[in-house]
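Colleague: Supplied in C-alpha cells, the structure appears directly below.
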Amino acid sequence: MRKFGAQMANWVRAARRKPSDKLHLDEVVIMIRGVKHWLWRAMDSEGQVLDILVQSRRNARAAKRFISRLVARWGVPRVIITDRLRSYGAALRKLALGVDHRAHKGLNIRIEGTHRPTRKREKIQGRFKSARQAQRFLVVHDEAANLFRPCRHK
2 MRKFGAQMAN WVRAARRKPS DKLHLDEVVI MIRGVKHWLW RAMDSEGQVL
52 DILVQSRRNA RAAKRFISRL VARWGVPRVI ITDRLRSYGA ALRKLALGVD
102 HRAHKGLNIR IEGTHRPTRK REKIQGRFKS ARQAQRFLVV HDEAANLFRP
152 CRHK
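The numbering of the sequence shown is my numbering, which starts it at 2 and goes up by one.
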C-alpha cells in the first residue's frame, strides 16, 4: 500500500467521471496517538467520495482550507449540503463562492455512512499512528471504494 497506493489513487482519480454539482460535506473526529483530529470528507450526490483531509482543528479556518482545496480540484458546485456546524457557513462567506448552502441535520445522512469503513478499520487494525499516515491511507482507501462500490443512479 505504501509503495503503490498513491499511484493507484491517481490512476483511479484520472479515470473517474465528473462529479455532480451537489456536494455533501461532513467531519468526524478520529483519535491519533490520543489527540483528537478531524477527518473532513466531501461526497457528491451520486455517492462518490471526492476528497478527504485530516486536520487537527475544527474551526472556520480548517473548513475554509478544506472547501478551497475541494473547489480548486473540482470547481465551484451549485449546492453544498452540510450539517449545522457554523464553521462551514463562516468559511463559505469568507470564500464568497456564491453557492447555495443548505445546513440541515437530515439532509446530510448520506455522507454520515461513509465514515463507517474508517471506524471499522480503526477497530480492526488499531488506531492511526500519525495524521500523515491517516491521510495517505484514507485517500487510497476512498478511491478504491469509489471504484468497487456501486454508485447511486438516477
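Here a beta-carbon is modelled for each residue, glycine too, at the ideal position from N, C-alpha and C.
Measure the C-alpha to C-alpha separation of M9 and E144 and round it to an integer number of angstroms.
Modeller: Position 8 of the sequence shown, counting from 1, holds the residue named residue 9. Position 143 of the sequence shown, counting from 1, holds the residue named residue 144. One C-alpha to the other measures close to 8 Å.
Colleague: With H, G and I counted as helix, E and B as strand and the rest as coil, what does DSSP make of L40?
Modeller: Here residue 40 is taken as the residue at index 39 of the sequence shown, counted from 1. Of the three classes helix, strand and coil, the one that applies to L40 here is strand, per DSSP.
Colleague: Would V55 and L71 qualify as a contact pair, given that the criterion is a beta-carbon distance under 9 Å?
Modeller: Reading the sequence shown from its first residue, position 54 is the one you call residue 55. Reading the sequence shown from its first residue, position 70 is the one you call residue 71. No.
Colleague: Note the first and the last residue of the continuous alpha helix (DSSP H) segment covering L93.
Modeller: On the sequence shown, position 92 is the one that residue 93 refers to. R87 to L96 is the span of the alpha helix (DSSP H), which, as asked, contains L93.
Colleague: Buried or exposed, going by whether 16 or more other CB atoms sit within 10 Å of the CB of G114?
Modeller: Counting from 1 along the sequence shown, the entry for residue 114 is found at position 113. G114 counts as exposed, since fewer than 16 other C-beta atoms from the protein chains shown sit within 10 angstroms of its C-beta.
Colleague: For K65, collect the residues of the same chain with a Cβ closer than 6 Å to its Cβ; drop the 5 residues on either side in sequence, then sort them by chain order.
Modeller: Counting from one through the sequence shown, the residue named residue 65 turns up at place 64. Result list for K65: A92 and K95, in chain order.
Colleague: Evaluate A135 with the Cβ neighbour count: other Cβ atoms within 10 Å of its Cβ, from every protein chain shown; 16 or more gives buried, anything less gives exposed.
Modeller: Against the sequence shown, residue 135 aligns to sequence position 134. Buried.
Colleague: Given a cut-off of 9 Å, decide if V29 and H116 are closer than it, judged by their beta-carbon atoms.
Modeller: Counted from its first residue, the sequence shown places residue 116 at position 115. Counted from its first residue, the sequence shown places residue 29 at position 28. By the CB criterion at 9 Å, H116 and V29 fall inside the cutoff.
Colleague: Over what stretch of residues does the beta strand (DSSP E) that includes V80 continue unbroken?
Modeller: As a first step, residue 80 is located in the sequence shown; it is residue number 79 there, counting from the start. Unbroken beta strand (DSSP E) run through V80: V80 to T83.
Colleague: With R34 as the anchor, note down where its alpha helix (DSSP H) starts and where it stops.
Modeller: Counting from one through the sequence shown, the residue named residue 34 turns up at place 33. Neither: R34 is in no alpha helix (DSSP H) and is coded neither H nor E.
Colleague: Could one say the Cβ of A63 lies closer than 9 Å to chain C's Cβ atoms, at least one of them?
Modeller: You won't find chain C in this structure, because it holds only one protein chain.
Colleague: Taking DSSP as the reference, what is the three-state secondary structure of K23?
Modeller: Reading the sequence shown from its first residue, position 22 is the one you call residue 23. Correct three-state label for K23: strand.
Colleague: Does the beta-carbon of I31 have 16 or more other beta-carbons within 10 angstroms, so that it is buried, or is it exposed?
Modeller: If you number the sequence shown from 1, residue 31 lands on position 30. I31 comes out buried.
Colleague: Going by CA-CA distance only, name the one from H105, R62, S57 and R58 that's closest to V80.
Modeller: For the purposes of this step, residue 80 is taken as the residue at position 79 of the sequence shown. The residue with the shortest Cα to Cα distance from V80 is H105.
Colleague: Which residue wins for smallest C-alpha separation from R85, given the options A97, I53, W12 and H102?
Modeller: Numbered from 1 along the sequence shown, position 84 holds the residue referred to as residue 85. The candidate whose alpha carbon is nearest that of R85 is H102.
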